[in-house]
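Dropping the structure here:
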């Protein structure tokens with residue numbers, strides 16, 4: 165059996181990465197046809213985004229109930245859209261299925277990425293940490309990559325467009 169090519173830890177503690185002083189870069193609502201799905205915000209310490217600078221924080225507040233399995237499947241579909249080889253993300257899928265809870269309307273899921281790894285918060289409580297420097301940028305690329313499936317949402321998150 166293949167040994168995981170990354171080292172991740174799911175830690176249920178209140179580890180802080182000094183993210184209290186983040187400033188908003190941009191925000192956007194994601195809608196699918198006439199359904200509003202979530203509101204999102206991108207934050208950095210300076211309030212501006214540079215893809216090679218960390219830390220960043222991506223906050224998503226859900227406007228609908230969504231099962232954890234559906235979130236993970238959507239994440240996988242977005243990586244496929246970005247043409248990420250499956251071997252680059254396949255080991256993350258079981259971890260996300262274990263880490264993420266089912267979402268209820270009004271819940272928030274926040275990803276914080278720094279140079280050492282990534283951390284997820286659910287409704288402001290840490291639910292897991294990924295000690296893999298590749299995961300955070302790969303996950304954030306779903307929204308921030310030029311190849312994203314939602315270029316208008318990306319532009320608003322990056323503060324390049326108001327609508």
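Numbering (our numbering), first residue to last: 165 to 327. Backbone N, C-alpha and C define an ideal beta-carbon position, used for all residues, glycine too.
Put simply, the backbone Cα of residue 308 is about 15 Å away from that of residue 247. The shortest CA-to-CA distance from residue 259 to any of 236, 280, 191 is the one to 236. Beta-bridge analysis with DSSP links residue 203 to 193, 225. Counting other Cβ atoms within 10 Å of its Cβ, residue 233 stays below 16 and is therefore classed as exposed. For secondary structure counted as the beta strand (DSSP E) over 3 or more consecutive residues, the region 273–318 holds these complete runs in sequence order: 281–286, 289–294. If you draw a straight line from the Cα of residue 214 to the Cα of residue 207, it comes to about 11 Å.
For residue 231, the secondary structure class from DSSP, reduced to helix, strand or coil, is coil.
Here DSSP, grouped into helix, strand and coil, assigns residue 188 to strand. With respect to the 7 Å criterion, residue 286 and residue 273 are classified as neighbours on the basis of their beta carbons. Partner residues in the beta bridge of residue 208, as assigned by DSSP, are 187. Setting aside the 5 residues that flank it on each side, residue 190 is surrounded in the same chain by 206, 320, 321, 322, 323, each with a C-beta closer than 6 Å to its C-beta; the list follows chain order. Rounded to the nearest angstrom, the gap between the Cα atoms of residue 199 and residue 303 is 24 Å.
Beta-bridge partners assigned by DSSP to residue 220: 277. In chain order, 306, 313 place their CB closer than 7 Å to the CB of residue 242, counting only its own chain and leaving out the 5 sequence neighbours on each side. In this structure, 222 is the residue among 222, 211, 196 with its C-alpha nearest to the C-alpha of residue 301.
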